[in-house]
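Q:
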Amino acid sequence: MPISRNLFRDFGKYNIVVMFITTLASNIVVGALIGYYLDKWTFKNGILLFIFIILGIVSGFYNGFKILLKETERYDKSEKVNKKDGSDDNDNGNG
Numbered sequence: 001m002p003i004s005r006n007l008f009r010d011f012g013k014y015n016i017v018v019m020f021i022t023t024l025a026s027n028i029v030v031g032a033l034i035g036y037y038l039d040k041w042t043f044k045n046g047i048l049l050f051i052f053i054i055l056g057i058v059s060g061f062y063n064g065f066k067i068l069l070k071e072t073e074r075y076d077k078s079e080k081v082n083k084k085d086g087s088d089d090n091d092n093g094n095g
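Residue numbers for the sequence shown follow UniProt numbering, so the first one is 1 and each next one is one higher.
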């Protein structure tokens with residue numbers, strides 16, 4: 001059983017990276033689409049597309065780092081609980 005727990009923890013670590021990349025990419029795509037359609041509708045010189053791509057990149061990193069910090073905090077809490085549970089088991093086994 002410990003092998004499967006470690007395996008799922010490793011998948012959890014990869015899941016954090018996938019969530020970060022997905023958040024970053026989706027924010028950039030949404031910014032690019034908004035910029036493209038606003039630029040197509042108004043000035044037609046590409047400046048709004050550029051501005052909204054930059055805003056998408058900034059918001060993607062901001063939201064991505066918020067997710068990373070939240071997930072690492074959750075991971076640290078689970079590690080503390082696991083260590084605490086593990087030390088209780090060792091104490092009970094000794095006597």
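For every residue, glycine included, the Cβ atom is placed at its ideal position computed from N, Cα and C. Owing to the predicted nature of the structure, the values given are computational and were not obtained by experimental measurement.
Quick check on the burial criterion: 16 or more other C-beta atoms within 10 angstroms. Buried or exposed for T42?
A: By the 10 Å Cβ count, T42 comes out exposed.
Q: Would the segment 19 to 28 count as touching the segment 53 to 66 if we require 3 or more Cβ pairs under 8 angstroms?
A: Yes, the segment 19 to 28 is in contact with the segment 53 to 66.
Q: Whose C-beta lies closer than 7 angstroms to the C-beta of L68 among residues of the same chain, with five residues either side of it excluded?
A: So the qualifying residues of the chain are I16 and F20.
Q: By Cβ distance, which residues of its chain are closer than 6 angstroms to L49, with the 5 residues on each side in sequence left out?
A: Cβ within range, chain order: G35, Y36 and D39.
Q: At which residue ranges does the segment 33 to 70 contain complete alpha helix (DSSP H) runs of 4 or more residues, listed in the order of the chain?
A: If we require 4 residues or more, the segment 33 to 70 turns out to have no alpha helix (DSSP H) run fully inside it.
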